[in-house]
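Peer 1: Residues 1085 to 1421, numbered by this note's numbering, are exactly what the sequence shown covers, in order. Quick one: this structure, given as structure tokens, is what I'll be asking you about.
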Amino acid sequence: MNKSIEDRKILRLFIISFMVMLVMGVLTNMNFFSLRNWNSMLSMIPELGILSLGIMLAMIVGGIDLSLVSIANVSGLVSAGIMLSHDGSPMGMVLGILAGILVGAACGFTNGFLVAYVGIHPIVATLGTYQLFRGIGVVFSKGYAIVNFSPSLTEFSNGSIFGLIPNIFIIFILIGIVVSFILRKTIFGQNLYYVGENSKASFYSTINTKAVILKVFILIGILGAIAGIIMTSKTNSAKADYGGSYTLQAILICLLGGVSWAGGIGKTSGVLLAVFTLQFLNSGFGLLRFSNFFGVFFTGLFLILVMIYYYFVEKETFSPMKILKKYKESSHEKNTQ
1085 MNKSIEDRKI
1095 LRLFIISFMV
1105 MLVMGVLTNM
1115 NFFSLRNWNS
1125 MLSMIPELGI
1135 LSLGIMLAMI
1145 VGGIDLSLVS
1155 IANVSGLVSA
1165 GIMLSHDGSP
1175 MGMVLGILAG
1185 ILVGAACGFT
1195 NGFLVAYVGI
1205 HPIVATLGTY
1215 QLFRGIGVVF
1225 SKGYAIVNFS
1235 PSLTEFSNGS
1245 IFGLIPNIFI
1255 IFILIGIVVS
1265 FILRKTIFGQ
1275 NLYYVGENSK
1285 ASFYSTINTK
1295 AVILKVFILI
1305 GILGAIAGII
1315 MTSKTNSAKA
1325 DYGGSYTLQA
1335 ILICLLGGVS
1345 WAGGIGKTSG
1355 VLLAVFTLQF
1365 LNSGFGLLRF
1375 SNFFGVFFTG
1385 LFLILVMIYY
1395 YFVEKETFSP
1405 MKILKKYKES
1415 SHEKNTQ
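Given below as structure tokens:
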């Protein structure tokens, strides 16, 4: 996709997100813009946002990671277990976080090895490891939730700066900046796009395609681990089956944010905008006291309509400039007759 076209797509999403925010503000009598509601929204964004960034990286390289939620859960469980064994001490918290990230990296390495070196399709490979990692989490926790492992970490995760911006939202933004820097400013990031655009051509070039795929899956695993630690620390509880719907939501967010299924296309800014747009809808429906079933239905419908709009705009079927041009041409033909 041409870079200017990709930028225009993100601009359209920004306008859509802004319109959703305004509509929700009007429908909720401006309660949507209250400090309490915004603090709540910003605290709910990070885990899904970080998972979406991981899915984005997989899609850019031409793959997918269906095991990411399981990676988040097993990493959170290991992290929580180590913190609990150290009675929630500061050293135990540090060791737990590091162990969780290492587990995430190991899970990512497993996925990357299966995809890059064994040659299994990403959907099949990560669908299998989804069950594998989930099973490891169940065995590790014996099927029970691990609770009260680090009150101090929970206090930090639920805290905010000056009561305005949640701490975990700051972490999310920093991670978004790092991912954006990797994609835009590093050779590794550029190689992701090259591999995603044309894996065969990159294979015969100087790019080590297998190494690129392996590394990106390790990075995705680390992102999953961070999301899992945030997810468990907010509630001071870790379990093997948390966030069951996050995978599908993260994929939809990436598609809404302009990431291509075919690979080679995607921007961090588009995914961040899509996360905010989805959260605006969910928070608005919550304030309007709509049932969860209605909220899920309308959110899905909204995403489908936006994707249809994107399709026709890219094809220029509904392009305002093209419609105006056709109108002028038809008017000119009538005048010459």
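Even glycine gets a Cβ: it sits at the ideal position worked out from N, Cα and C.
Just list the beta strand (DSSP E) runs in the segment 1122-1174, keeping only unbroken ones of 3 residues or longer that don't cross its boundaries, in chain order.
Peer 2: Whole beta strand (DSSP E) segments, 3+ residues: zero.
Peer 1: Quick check on DSSP: helix, strand or coil for Arg1096?
Peer 2: Start at 1 with the first residue of the sequence shown, and residue 1096 comes out as number 12. Note: Arg1096 maps to helix in three-state DSSP.
Peer 1: Is it buried or exposed for Glu1239, if we count other Cβ within 10 angstroms and need 16 for buried?
Peer 2: By 1-based counting over the sequence shown, the position of residue 1239 is 155. Exposed, by the Cβ-count rule.
Peer 1: Report the residue from Leu1126, Ala1200, Leu1340, Ile1297 whose alpha carbon sits nearest the alpha carbon of Lys1093.
Peer 2: The residue given as residue 1093 occupies position 9 in the sequence shown. Looking at the Cα atoms, Leu1340 is the closest of the given residues.
Peer 1: Please go through the same chain and pick out, in chain order, the residues whose beta-carbon is closer than 7 Å to the beta-carbon of Ser1136, but skip the five residues on each side of it.
Peer 2: Within the sequence shown, residue 1136 is the residue found at index 52, counting from 1. Hits under 7 Å: Ala1334, Ile1337, Cys1338, Val1355, Val1359.
Peer 1: Just verifying my parser: in three-state terms, what is the DSSP assignment at Ile1230?
Peer 2: By 1-based counting over the sequence shown, the position of residue 1230 is 146. It is a strand residue.
Peer 1: Could you give the distance in angstroms between the alpha-carbon of Gly1379 and the alpha-carbon of Asp1325?
Peer 2: Counting from 1 along the sequence shown, the entry for residue 1379 is found at position 295. Counting from 1 along the sequence shown, the entry for residue 1325 is found at position 241. Distance between the alpha carbons of Gly1379 and Asp1325 is about 22 Å.
Peer 1: In or out: Phe1402 buried (at least 16 other Cβ within 10 Å) or exposed?
Peer 2: Along the sequence shown, read from residue 1 onward, the residue named residue 1402 stands at position 318. Bear in mind that the predicted position of Phe1402 carries a pLDDT of just 46, short of 50, making it unreliable; the figure below should be weighed with that in mind. Exposed, because fewer than 16 other Cβ atoms sit within 10 Å of the Cβ of Phe1402.
Peer 1: Which of the three DSSP states is assigned to Met1405 in this structure?
Peer 2: Sequence index remark: in the sequence shown, residue 1405 carries index 321 (1-based). Confidence at Met1405 is low in this model, with a pLDDT of 49, below 50, so the placement of that residue should be treated as unreliable; the coordinate-derived value is given next. Looking at Met1405 - three-state DSSP - the assignment turns out to be helix.
Peer 1: If we ignore side chains and look at the alpha-carbon of each, how far apart do Lys1299 and Val1199 end up?
Peer 2: Looking up residue 1299 in the sequence shown gives position 215. Looking up residue 1199 in the sequence shown gives position 115. If you take the alpha carbons of Lys1299 and Val1199, they lie about 11 Å apart.
Peer 1: Less than 8 Å between the CB atoms is what I'm expecting for Tyr1214 and Ser1154, so what's the real figure, rounded?
Peer 2: In the sequence shown, residue 1214 corresponds to position 130, counting from 1. In the sequence shown, residue 1154 corresponds to position 70, counting from 1. Contact flag correct, Cβ pair sits at about 5 Å.
Peer 1: If we ignore side chains and look at the alpha-carbon of each, how far apart do Ala1103 and Leu1097 end up?
Peer 2: By 1-based counting over the sequence shown, the position of residue 1103 is 19. By 1-based counting over the sequence shown, the position of residue 1097 is 13. The displayed chain sequence assigns Met, not Ala, to residue 1103. Taking the straight line joining both Cα atoms gives about 10 Å.
Peer 1: Would you kindly check if the distance between the Cβ of Asn1121 and the Cβ of Asn1115 is under 9 Å?
Peer 2: To locate residue 1115, count along the sequence shown from 1; it is residue 31. To locate residue 1121, count along the sequence shown from 1; it is residue 37. Contact flag set, yes.
Peer 1: Helix, strand or coil for Ala1189? Go by DSSP, reduced to three states.
Peer 2: Here residue 1189 corresponds to residue number 105 of the sequence shown, with the count starting at 1. Helix.
Peer 1: What do you get for Pro1250, buried or exposed, if any count of 16 or more other CB atoms within 10 angstroms of its CB means buried?
Peer 2: Reading the sequence shown from its first residue, position 166 is the one you call residue 1250. That one is buried.
Peer 1: At 4 residues or longer, what runs of the alpha helix (DSSP H) sit wholly inside the segment 1209-1286?
Peer 2: Correct list: 1235-1241, 1251-1269, 1271-1281.
Peer 1: If you drop the 5 nearest sequence neighbours on each side, which residues of the same chain put their C-beta closer than 6 Å to that of Tyr1277?
Peer 2: In the sequence shown, counting from the first residue as 1, residue 1277 sits at position 193. So the list reads Gly1348, once near-sequence residues are dropped.
Peer 1: Who are the near neighbours of Met1105 in its chain, counting only those whose CB is closer than 8 Å to its CB and skipping five residues on each side?
Peer 2: The residue labelled residue 1105 in the question sits at position 21 within the sequence shown. Correct list, in chain order: Phe1116, Phe1364.
Peer 1: Out of Val1343, Ile1185, Ile1302, which one is the CA nearest neighbour of Ile1314?
Peer 2: Residue 1314 sits at position 230 when you count from the first residue of the sequence shown. Ile1314 has its Cα closest to that of Ile1185, out of Val1343, Ile1185, Ile1302.
Peer 1: CB-CB under 6 Å to Glu1281, same chain, minus the five flanking residues each way: which ones, in chain order?
Peer 2: For the purposes of this step, residue 1281 is identified with residue 197 of the sequence shown, where counting begins at 1. Around Glu1281: Gly1348.
Peer 1: Considering only the alpha carbon of each residue, which of Val1107, Gly1138, Glu1090 lies closest to Thr1331?
Peer 2: Along the sequence shown, one-based indexing puts residue 1331 at 247. Minimum Cα distance to Thr1331 is reached at Gly1138.
Peer 1: Quick one: Cα of Ile1171 to Cα of Leu1152, how far?
Peer 2: Numbered from 1 along the sequence shown, position 87 holds the residue referred to as residue 1171. Numbered from 1 along the sequence shown, position 68 holds the residue referred to as residue 1152. The amino acid occupying residue 1171 in the given sequence is Asp; Ile does not appear at that position. Taking the straight line from one Cα to the other gives about 28 Å.
Peer 1: Is the beta carbon of Ser1422 less than 9 Å from the beta carbon of Thr1316?
Peer 2: The requested residue 1422 does not occur in the structure, where the chain is confined to residues 1085 to 1421.
Peer 1: Ordered along the chain, which non-local residues of its own chain (more than five positions away) have a Cβ less than 7 Å from that of Gly1260?
Peer 2: The count along the sequence shown starts at 1 and reaches residue 1260 at position 176. Excluding positions up to five away in sequence, the list reads Leu1137, Thr1352, Leu1356.
Peer 1: Assuming Ala1311 is part of the alpha helix (DSSP H), what are its boundary residues?
Peer 2: For the purposes of this step, residue 1311 is identified with residue 227 of the sequence shown, where counting begins at 1. Note, Ala1311: alpha helix (DSSP H), 1293-1319.
Peer 1: Beta carbon of Met1143, beta carbon of Trp1345: below 9 Å?
Peer 2: The residue labelled residue 1143 in the question sits at position 59 within the sequence shown. The residue labelled residue 1345 in the question sits at position 261 within the sequence shown. Their beta carbons are under 9 Å apart, which means Met1143 touches Trp1345 by this criterion.
Peer 1: Tell me, which residues are paired with Ala1200 by DSSP?
Peer 2: The residue given as residue 1200 occupies position 116 in the sequence shown. For Ala1200, which the question treats as bridged, DSSP gives no partner whatsoever.
Peer 1: Sorted by chain position, which residues of the same chain lie with C-beta nearer than 6 Å to Ile1166's C-beta, five sequence neighbours on each side aside?
Peer 2: Here residue 1166 corresponds to residue number 82 of the sequence shown, with the count starting at 1. Leu1179, Gly1180, Ala1183.
Peer 1: Candidates Leu1161, Asp1149, Gly1176, Asn1232: which alpha carbon is nearest Phe1193's?
Peer 2: Numbered from its first residue, the sequence shown carries residue 1193 at position 109. Residue Asp1149 is the option with its Cα nearest to Phe1193.
Peer 1: Taking the alpha-carbon of Ile1255 as reference, which of Val1107, Pro1130, Asn1123, Gly1384 has the nearest alpha-carbon?
Peer 2: For the purposes of this step, residue 1255 is identified with residue 171 of the sequence shown, where counting begins at 1. Checked all of Val1107, Pro1130, Asn1123, Gly1384; the closest Cα to Ile1255 is Pro1130.
Peer 1: If distances are taken between C-alpha atoms only, which option among Gly1342, Gly1196, Gly1203, Leu1216 comes closest to Leu1095?
Peer 2: On the sequence shown, position 11 is the one that residue 1095 refers to. Nearest option by C-alpha distance: Gly1342.
Peer 1: At 4 residues or longer, what runs of the alpha helix (DSSP H) sit wholly inside the segment 1319-1407?
Peer 2: Correct list: 1330-1340, 1352-1371, 1376-1398.
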